[in-house]
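Q: Here you go, one structure.
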Amino acid sequence: MSEPVKKPARKKVEVDPRYANYKHVWVFIEAERGVVHPVSWELLGEGRKLADALGVELSGVVMGSPTARTREICNEAFHYGADLCYLAQDDVLRDYRNEPYARALTELVNTYQPEIMLLGATTLGRDLAGSVATTLATGLVADCTELVIETESRNLASTRPTFGGSLLCTIMTQRHRPQMATVRPRVMALPDPDKTRTGRIVEHKLTIIEDSIITKVLEFIPDADQNKPQLAFADIIVSGGRGFKKQENFQLVWDLANVLGAEVGASRPIVQAGWVELDRQVGQSGKTVRPKLYIAAGISGAIQHRVGMDGSDVIIAINNDPNAPIFEFAHYGIVGNAMQILPAMTDAFRAQIAQARRAG
Amino acid sequence: MHSVVCIKQVPDSAQIRVHPVTNTIMRQGVPAIINPYDLFALEEALRLKDKFGGTVTVITMGPPMAEVSLRKCLSFGADEAILVSDRAFAGADTLATSCALASAIGKIRKNMQVDLIFTGKQTIDGDTAQVGPGIAKRLDYQLLTYVSAIRSIDHEKREIVVERRAEGGVQVLKTTLPCLITMLEGTNEMRYGDMDDMFRAARHPLKQWDRIAAGIEDPNVVGLKGSPTVVGKVFAPKPRTERAQIVETVDNDPKNLVATLLAKVFTQHPKLEQEIARLSK
Numbered sequence: 003m004s005e006p007v008k009k010p011a012r013k014k015v016e017v018d019p020r021y022a023n024y025k026h027v028w029v030f031i032e033a034e035r036g037v038v039h040p041v042s043w044e045l046l047g048e049g050r051k052l053a054d055a056l057g058v059e060l061s062g063v064v065m066g067s068p069t070a071r072t073r074e075i076c077n078e079a080f081h082y083g084a085d086l087c088y089l090a091q092d093d094v095l096r097d098y099r100n101e102p103y104a105r106a107l108t109e110l111v112n113t114y115q116p117e118i119m120l121l122g123a124t125t126l127g128r129d130l131a132g133s134v135a136t137t138l139a140t141g142l143v144a145d146c147t148e149l150v151i152e153t154e155s156r157n158l159a160s161t162r163p164t165f166g167g168s169l170l171c172t173i174m175t176q177r178h179r180p181q182m183a184t185v186r187p188r189v190m191a192l193p194d195p196d197k198t199r200t201g202r203i204v205e206h207k208l209t210i211i212e213d214s215i216i217t218k219v220l221e222f223i224p225d226a227d228q229n230k231p232q233l234a235f236a237d238i239i240v241s242g243g244r245g246f247k248k249q250e251n252f253q254l255v256w257d258l259a260n261v262l263g264a265e266v267g268a269s270r271p272i273v274q275a276g277w278v279e280l281d282r283q284v285g286q287s288g289k290t291v292r293p294k295l296y297i298a299a300g301i302s303g304a305i306q307h308r309v310g311m312d313g314s315d316v317i318i319a320i321n322n323d324p325n326a327p328i329f330e331f332a333h334y335g336i337v338g339n340a341m342q343i344l345p346a347m348t349d350a351f352r353a354q355i356a357q358a359r360r361a362g
Numbered sequence: 031m032h033s034v035v036c037i038k039q040v041p042d043s044a045q046i047r048v049h050p051v052t053n054t055i056m057r058q059g060v061p062a063i064i065n066p067y068d069l070f071a072l073e074e075a076l077r078l079k080d081k082f083g084g085t086v087t088v089i090t091m092g093p094p095m096a097e098v099s100l101r102k103c104l105s106f107g108a109d110e111a112i113l114v115s116d117r118a119f120a121g122a123d124t125l126a127t128s129c130a131l132a133s134a135i136g137k138i139r140k141n142m143q144v145d146l147i148f149t150g151k152q153t154i155d156g157d158t159a160q161v162g163p164g165i166a167k168r169l170d171y172q173l174l175t176y177v178s179a180i181r182s183i184d185h186e187k188r189e190i191v192v193e194r195r196a197e198g199g200v201q202v203l204k205t206t207l208p209c210l211i212t213m214l215e216g217t218n219e220m221r222y223g224d225m226d227d228m229f230r231a232a233r234h235p236l237k238q239w240d241r242i243a244a245g246i247e248d249p250n251v252v253g254l255k256g257s258p259t260v261v262g263k264v265f266a267p268k269p270r271t272e273r274a275q276i277v278e279t280v281d282n283d284p285k286n287l288v289a290t291l292l293a294k295v296f297t298q299h300p301k302l303e304q305e306i307a308r309l310s311k
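Chains A and B supply the protein sequences, listed in that same order. Just so we're aligned: the first sequence equals residues 3 to 362 in the numbering used here. Just so we're aligned: the second sequence equals residues 31 to 311 in the numbering used here.
Written as structure tokens, this is what we have:
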């Protein structure tokens, strides 16, 4: 684990000459059963900025079984900002498995030599990134919340939470290439696709044979419970925290969410107390969300919570402590008791929605 | 059946505080605990031992005080404990950490075959989930991450079938031993150690390996020197350029406060009003 106790490097560190020809920015496009994880498009949006800052090309890396759908994914990647796609189609890549995917991606990196490679911090992305970075013996920074190019050195500066989400740190891979980073879903904004954009496809033939792959997929059991909370993609979230004191008071959060057609979120202490299920936790150790409206009631706004909801379009905070950190990054605030303010807000929204319905 | 369980001693992050004035970490008095995710790994290894017999070895890379966590693991029922500790390991990132641990496990293997390596899915202080995959790659073990259940083990064929948490469902995977499993949280519950193990844990001779004993000849592949990533500044997040617009009314009555707030929000974000009307249908 990276212990951020090191002193910042004093002298300028140059890239190892072995990597002198490593150029361009790559985004691994995560696709399973023909469906692309939205985090890949979010990363293309971010990768576009990095590539433009460096004056290089942005590439998507698409892997899968040899089907028309796999090829089509390349075209979608162009819509989201890629200039070209590296395409590896092979039956060994039909389902995600660590070994063939890690071997294929490592081979692509060694052949086409990117300077930056981004992956989603999903179960698949973390599994893959950790293996590939080890084989390549390069730096990998997990769960980045900000990626920028340091102008002077042209290095990627990756910012991530540290110390359990109480502080941030900036990490760089100075001597090795590619500089690898993972980013959690919804941390970066989804770019608007441009359906007129096109690009080049570079097809790469793999030489991996199925018999050499030890792990086999026996079956895939899709999640039966489709009613699980979908916080990551919710447009409105009402979140509650310790300010509600008792579990029965937390019903006030549900009442407002029901009126708004919103999802219910919660801070870590609430989940730990078992008032709501784990899937509703917003923050560093829970979900990252970017709704259009985020209402934080009785939440102090510790960094651990903040990193999970900072990207929301509009944040309304209710807290009885005028010095609570939440007011430093919310857009609107009411200083008051959440247990009194929230019912008033529920009534106000109910009346407003009823009026909107009558009007139209 | 020999399982090696990798653990890490971490500060109890729930109790870390940031100094309000200097913005530095206040480490004093923060208790050290076994990374909670690692307990699921240890319990799973102990269950396999209950079922098939064999040995459970716990290993950690860390400062000498990590001995406390290793003894705790012995009290739960682990048979052996190894502390891999050397000043040369300080400042290691995930690549250098997996190098030291893989080398030490390689050394264990010289005396006794290692069928399974277990880790937690990630730690609560680093949250990277990178060390497990790194160890597997270095030892050329099959990698099974986010495992929610071990379905079966066939000792004759040396095959294992597991359920793995994937995006949108569960993958059922079959592979051969040896392999490395990162265990998902909530999959089991750590047992209480029995009296015998608790007494044994207090007296049991712990193995302590320095860099050389762990089989690492080149000091440049571990610790700060063996870490490709360099940590620059550590900082507290900046507030937004403007603080929240705090809504106040003369009477501070909840109803009036809310009305004033919503009027303000919808004037500045007219689209949001339409959006809410649409979503609430």
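Each residue gets a CB set at the ideal place from its N, CA and C atoms; glycine is no exception.
1) Going straight from the alpha carbon of A/A299 to that of A/V37, what length do you get?
2) With a threshold of 8 Å on Cβ separation, who are the neighbours of A/K197 within its own chain once the five nearest residues in sequence on each side are excluded?
3) Consult DSSP for B/K204 and reduce its assignment to one of helix, strand or coil.
4) Spell out whether any CB of chain B is found under 7 Å from the CB atom of A/M311.
5) Scan the region 56-124 of chain B and note each continuous beta strand (DSSP E) run of 3 residues or more that stays entirely inside, going in chain order.
6) Work out the CA separation of B/A96 and B/P284 for me, nearest whole Å.
7) When burial is assigned at 16 or more other CB atoms within 10 Å of the CB, is B/M142 buried or exposed?
8) Quick check on this structure: which residue in B/I64, B/M91, B/F229, B/P41 has the alpha carbon closest to the alpha carbon of B/A243?
9) State yes or no: is the C-beta of B/V177 within less than 7 Å of the C-beta of B/I211?
10) So what does A/Y334 bridge to, in DSSP terms?
11) Would you call the CB atoms of A/G243 and A/I173 closer than 7 Å?
12) List the endpoints of the continuous alpha helix (DSSP H) containing B/E305.
13) If the cut is a Cβ gap below 8 Å, which residues of chain B does A/K294 touch?
14) Measuring straight from C-alpha to C-alpha, what distance separates B/A307 and A/L262?
15) Report the neighbours of B/V210 on chain A: residues whose CB is nearer than 7 Å to its CB, in chain order.
16) Using C-beta distances below 8 Å, list every residue in its chain close to B/H5, excluding the 5 sequence neighbours before and after it, in chain order.
17) Let me know if B/I64 comes out buried or exposed under the rule of 16 or more other beta-carbons within 10 Å of its beta-carbon.
18) What span of residues does the alpha helix (DSSP H) with A/L138 cover, start to end?
19) Determine the closest residue to A/F125 out of A/T184, A/N157, A/T69, with distance taken between C-alpha atoms.
20) Quick one: complete alpha helix (DSSP H) runs, 4+ long, within the region 208-258 of chain B?
21) A/R23: which of A/K289, A/L120, A/P180, A/A70 sits nearest, CA to CA?
22) For B/S33, which three-state DSSP category applies?
23) Can you grab the Cα-Cα spacing for the pair B/A130 / A/A123, in whole Å?
24) Mind checking whether B/C103 and B/V114 have CB atoms under 7 Å apart?
25) Is it right to say A/P163 is buried, meaning 16 or more other beta carbons lie within 10 angstroms of its own, or is it exposed?
26) Leaving out five residues before and five after A/V29 in sequence, what residues of the same chain have Cβ atoms less than 6 Å from its Cβ?
27) Mind checking if B/L263 is an interface residue toward chain A, Cβ cutoff 7 Å exclusive?
28) Pair every Cβ in the region 204-214 of chain A with every Cβ in the region 94-102 of chain A, then say whether three or more of these pairs are closer than 8 Å.
29) In whole angstroms, give me the CA-to-CA distance for A/G303 and B/R241.
30) Once the 5 residues before and after A/A259 are set aside, which same chain residues still bring their CB inside 6 Å of it?
31) Is the separation between the beta-carbon of A/R282 and that of A/G313 shorter than 7 Å?
32) What residues of chain A sit near B/H299, judged by a beta carbon separation below 7 Å?
33) According to DSSP, is B/S133 part of a helix, a strand, or is it coil?
34) When you compare each of A/A159, A/Y296, A/F165 to B/L302 by their alpha carbons, which one comes out closest?
A: Short version:
1) As a position in the first sequence, residue 299 of chain A is number 297, starting the count at 1. As a position in the first sequence, residue 37 of chain A is number 35, starting the count at 1. Looking at the two C-alpha atoms, the distance is approximately 36 Å.
2) Counting from one through the first sequence, the residue named residue 197 of chain A turns up at place 195. If we look at A/K197 and ignore the five residues flanking it on each side, its Cβ neighbours are H81.
3) For the purposes of this step, residue 204 of chain B is taken as the residue at position 174 of the second sequence. Residue state, collapsed to three classes: strand.
4) The sequence position of residue 311 of chain A within the first sequence is 309, counting from 1. Cβ-Cβ to chain B under 7 Å: no for A/M311.
5) 62-64, 85-91, 110-114
6) Position 254 of the second sequence, counting from 1, holds the residue named residue 284 of chain B. Position 66 of the second sequence, counting from 1, holds the residue named residue 96 of chain B. Rounded to the nearest angstrom, the two C-alpha atoms are 52 Å apart.
7) Translated into positions along the second sequence, residue 142 of chain B becomes position 112. B/M142 comes out exposed.
8) For the purposes of this step, residue 243 of chain B is taken as residue 213 along the second sequence, with counting starting at 1. Selected option, being the one with the closest Cα: B/M91.
9) For the purposes of this step, residue 177 of chain B is taken as the residue at position 147 of the second sequence. For the purposes of this step, residue 211 of chain B is taken as the residue at position 181 of the second sequence. In this structure, B/I211 lies closer than 7 Å to B/V177 by Cβ.
10) Working through the first sequence from its first residue, we reach residue 334 of chain A at position 332. The partner list for A/Y334 (beta bridge, DSSP) reads A/I318, B/Q275.
11) Along the first sequence, one-based indexing puts residue 243 of chain A at 241. Along the first sequence, one-based indexing puts residue 173 of chain A at 171. Contact: no.
12) Translated into positions along the second sequence, residue 305 of chain B becomes position 275. Here the alpha helix (DSSP H) through B/E305 covers 300-309.
13) Working through the first sequence from its first residue, we reach residue 294 of chain A at position 292. Under the 8 Å cutoff, chain B gives L302, E305.
14) As a working mapping, residue 307 of chain B is identified with position 277 in the second sequence. As a working mapping, residue 262 of chain A is identified with position 260 in the first sequence. When rounded, the distance between both Cα atoms is 8 Å.
15) Position 180 of the second sequence, counted from the start, is the residue given in the question as residue 210 of chain B. This sequence places Leu at residue 210 of chain B; Val is not what is there. Result: empty, since nearest Cβ-Cβ is about 10 Å, beyond 7 Å.
16) The displayed coordinates of chain B run from 31 to 311. Any statement about residue 5 of chain B would go beyond what the structure contains.
17) Here residue 64 of chain B refers to the residue found at position 34 of the second sequence. Looking at its Cβ environment, which holds 16 or more other Cβ atoms inside 10 Å, B/I64 is buried.
18) As a working mapping, residue 138 of chain A is identified with position 136 in the first sequence. Element bounds for A/L138: 125-138.
19) Numbered from 1 along the first sequence, position 123 holds the residue referred to as residue 125 of chain A. The sequence as given places Thr at residue 125 of chain A; Phe does not occur at that position. Measuring from the Cα of A/T125, the nearest candidate turns out to be A/T184.
20) 225-233
21) By 1-based counting over the first sequence, the position of residue 23 of chain A is 21. Before going further, note that residue 23 of chain A is Asn rather than Arg in the sequence given. The option with the nearest alpha carbon to A/N23 is A/P180.
22) The residue you call residue 33 of chain B lines up with position 3 of the second sequence. DSSP places B/S33 in strand when its eight states are reduced to three.
23) The sequence position of residue 130 of chain B within the second sequence is 100, counting from 1. The sequence position of residue 123 of chain A within the first sequence is 121, counting from 1. About 25 Å.
24) Position 73 of the second sequence, counted from the start, is the residue given in the question as residue 103 of chain B. Position 84 of the second sequence, counted from the start, is the residue given in the question as residue 114 of chain B. Result no, Cβ atoms of B/C103 and B/V114 do not sit closer than 7 Å.
25) What you label residue 163 of chain A is simply residue 161 of the first sequence in a count that begins at 1. That one is buried.
26) On the first sequence, residue 29 of chain A is found 27 positions in, with the first residue counted as 1. Only L45, L46, G49, G62, L120 meet the Cβ criterion.
27) Against the second sequence, residue 263 of chain B aligns to sequence position 233. Checking the displayed sequence, the identity of residue 263 of chain B turns out to be Lys instead of Leu. B/K263 counts as touching chain A.
28) yes
29) Taking the first sequence and counting its residues from 1, one reaches residue 303 of chain A at position 301. Taking the second sequence and counting its residues from 1, one reaches residue 241 of chain B at position 211. Using only the alpha carbons, I get a separation of about 43 Å.
30) Here the question's residue 259 of chain A lines up with position 257 in the first sequence. Excluding sequence neighbours, A/A259 sits near V240, V266.
31) Locating residue 282 of chain A in the first sequence gives position 280, counting from the first residue. Locating residue 313 of chain A in the first sequence gives position 311, counting from the first residue. The answer is no: Cβ separation not under 7 Å.
32) As a first step, residue 299 of chain B must be located in the second sequence, where it is residue number 269. In chain order: V316.
33) To locate residue 133 of chain B, count along the second sequence from 1; it is residue 103. Note: B/S133 maps to helix in three-state DSSP.
34) Indexing the second sequence from 1 puts residue 302 of chain B at position 272. When only C-alpha atoms are compared, the closest one is A/Y296.
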